[in-house]
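Asker: Residue numbers (our numbering): -1 to 285.
C-beta: ideal position from N, C-alpha, C; glycine also.
Note that the structure is a prediction, hence the values are computed from the model and not measured.
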């Protein structure tokens, strides 16, 4: 608690640009978008948003409408931009088969450096820094929670998984709460996984296996399951909400299992009655 004589927090002063901001890391120029709601005070939370393979930061910003969520609830959002791989697509290096032995960028280290710089420069709260991502960005969110549990208070992977090569590479540290969203009919990140590497991404775990890994890692001892349907029944799709709770250090592990759902960010153009962006912030705000 601040002392009664301490000055009040100062407003965060963001760069006067709505475009990409460049920064140097490892001898290369990287970029990010930053959104700071008007009047946001130092000590506010920070949410890191990671785009998918061949996607970009601005499209994720527009699709998820996370800036509007930030304006309503009072947090800063950063959208880092992946570097281009040998095929010309922007990506996060999580260990895909076609990147092995070709790509050398260390995105875990780069993103950790960016986050710590933003914390120091803008005064956002290191204890309330979160990461979310779509597809390849979701895979990166899992990897960051695995490798850097000291940096992130919670993670929200959407349509993502954990590569087998990263399964046993997690660092020791405080349990990182997880809220995941996966569709059972996703033909990119297959719900049952792809241990045989049929699709060329490399072997990756099924969703249930990833959630069980995090449940064990976080020491969760109680599970609750609810079936969610659209309030007006106009959307026939069904969502099973799995909540693994009573976890060590409060590291809850939640999964929104979207029956018949595809490779989508729920609520961003797929017509689903769930708004993943709002639900992610609700989860983050509890951790």
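1) So, with DSSP's three-state summary, where would you put residue 0?
2) Residue ranges of each beta strand (DSSP E) run of no fewer than 3 residues wholly in the region 36 to 86, ordered along the chain?
3) Here's the rule I'm using: 16 or more other beta-carbon atoms within 10 Å means buried, otherwise exposed. How should residue 193 be labelled?
4) Expressed to the nearest angstrom, what Euclidean distance is found between the alpha-carbon atoms of residue 90 and residue 50?
5) Locate the beta strand (DSSP E) running through residue 114, then write down its first and last residues.
6) Determine the contact status of residue 257 and residue 182, defining contact as a CB-CB distance below 8 Å.
7) For residue 255, count neighbouring C-beta atoms within 10 Å of its own C-beta (all shown protein chains included) and say buried if the count is 16 or more, exposed if not.
8) Three-state secondary structure (DSSP) at residue 161?
9) To which residues of the same chain is residue 0 closer than 8 Å at the C-beta, ignoring the five residues directly before and after it?
10) Rounding to the nearest angstrom, what Cα-Cα distance links residue 266 and residue 153 in this structure?
11) Looking only at DSSP bridge pairs, what is residue 22 linked to?
12) Would you mind reading off the limits of the beta strand (DSSP E) that contains residue 241?
13) Given residue 125, which residues of its chain have a CB within under 8 Å of its CB, disregarding the five upstream and five downstream residues?
14) Just checking my contact of residue 83 with residue 35 at CB under 8 Å: how many whole Å lie between their CB atoms?
15) Shortest alpha-carbon distance to residue 290 belongs to which of 213, 174, 37, 47?
16) At the level of alpha carbons, what is the spacing between residue 22 and residue 28?
17) Who does residue 250 pair with in a DSSP beta bridge?
18) Residue 210 by DSSP, collapsed to three states: which one?
19) Let's test the definition: count the other Cβ atoms within 10 Å of the Cβ of residue 64 and tell me whether it reaches 16, buried, or not, exposed.
20) Counting only the same chain and skipping the five closest in sequence on each side, list residues whose C-beta sits under 6 Å from that of residue 120.
21) Specify the secondary structure class of residue 205 as computed by DSSP and reduced to three states.
22) Keeping to the same chain, check which residues put their C-beta closer than 7 Å to that of residue 110; ignore five residues upstream and five downstream.
23) According to DSSP, what are the bridge partners of residue 128?
24) Less than 7 Å between C-beta atoms, sequence neighbours within five positions excluded: which residues of the same chain meet that for residue 246?
25) Indicate the three-state DSSP secondary structure (helix, strand or coil) for residue 196 in the structure shown.
Answerer: On the basis of the coordinates in this document:
1) Position 2 of the chain shown holds residue 0. Residue placement at residue 0 is poorly supported in this model, since its pLDDT is 44, which falls under 50; the coordinates are not used for a value here.
2) Listed in chain order, the complete beta strand (DSSP E) runs (minimum 3 residues) inside the region 36 to 86 are 44 to 48, 74 to 79.
3) Walking along the chain shown from the start, residue 193 turns up at place 195. Burial is judged here by how many other beta carbons sit within 10 angstroms of a residue's own beta carbon; residue 193 has fewer than 16 and is exposed.
4) By one-based count along the chain shown, residue 90 stands at place 92. By one-based count along the chain shown, residue 50 stands at place 52. Taking the CA atoms as reference points, residue 90 sits about 8 Å from residue 50.
5) Taking the first residue of the chain shown as 1, we reach residue 114 at position 116. In the DSSP annotation of this structure, residue 114 is not part of any beta strand (DSSP E); the continuous alpha helix (DSSP H) holding it starts and ends at 105 to 120.
6) Translated into positions along the chain shown, residue 257 becomes position 259. Translated into positions along the chain shown, residue 182 becomes position 184. Taking C-beta atoms as the reference points, residue 257 and residue 182 count as a pair closer than 8 Å.
7) Reading the chain shown from its first residue, position 257 is the one you call residue 255. So residue 255 counts as buried.
8) Within the chain shown, the letter at position 163 stands for residue 161. The answer is strand: DSSP assigns residue 161 an E or B state.
9) Counted from its first residue, the chain shown places residue 0 at position 2. Confidence in residue 0 is poor, its pLDDT being 44 and thus under 50, which makes the residue's placement unreliable; the coordinate value appears in the next sentence. Nothing meets the Cβ criterion.
10) Taking the first residue of the chain shown as position 1, residue 266 is located at position 268. Taking the first residue of the chain shown as position 1, residue 153 is located at position 155. Roughly 19 Å between the two C-alpha positions.
11) Here residue 22 refers to the residue found at position 24 of the chain shown. Residue pairing by DSSP places residue 22 opposite 27 in a beta bridge.
12) On the chain shown, residue 241 is found 243 positions in, with the first residue counted as 1. Note, residue 241: beta strand (DSSP E), 237 to 243.
13) Taking the chain shown and counting its residues from 1, the one referred to as residue 125 is at position 127. Contacts found: 151.
14) Counted from its first residue, the chain shown places residue 83 at position 85. Counted from its first residue, the chain shown places residue 35 at position 37. So it is not a contact: roughly 34 Å between Cβ atoms.
15) Because the chain in this structure spans residues -1 to 285, residue 290 falls outside the shown range and cannot be described.
16) Here the question's residue 22 lines up with position 24 in the chain shown. Here the question's residue 28 lines up with position 30 in the chain shown. Residue 28 has its alpha-carbon roughly 6 Å from the corresponding atom of residue 22.
17) One-based indexing of the chain shown puts residue 250 at position 252. DSSP lists no beta-bridge partner residue for residue 250.
18) For the purposes of this step, residue 210 is identified with residue 212 of the chain shown, where counting begins at 1. The three-state reading of DSSP puts residue 210 in helix, counting H, G and I together.
19) Here residue 64 refers to the residue found at position 66 of the chain shown. Buried, by the Cβ-count rule.
20) As a working note, residue 120 is residue 122 in the chain shown. Excluding the 5 residues flanking it on each side, residue 120 has same chain C-beta neighbours closer than 6 Å at 10, in chain order.
21) As a first step, residue 205 is located in the chain shown; it is residue number 207 there, counting from the start. Residue state, collapsed to three classes: helix.
22) Translated into the one-based positions of the chain shown, residue 110 becomes position 112. Cβ within range, chain order: 146, 149.
23) The sequence position of residue 128 within the chain shown is 130, counting from 1. Partner(s): 45, 152.
24) Residue mapping note: residue 246 aligns to position 248 of the chain shown, counting from 1. 173, 216, 217.
25) Sequence index remark: in the chain shown, residue 196 carries index 198 (1-based). Residue 196: coil per DSSP, three-state reduction.
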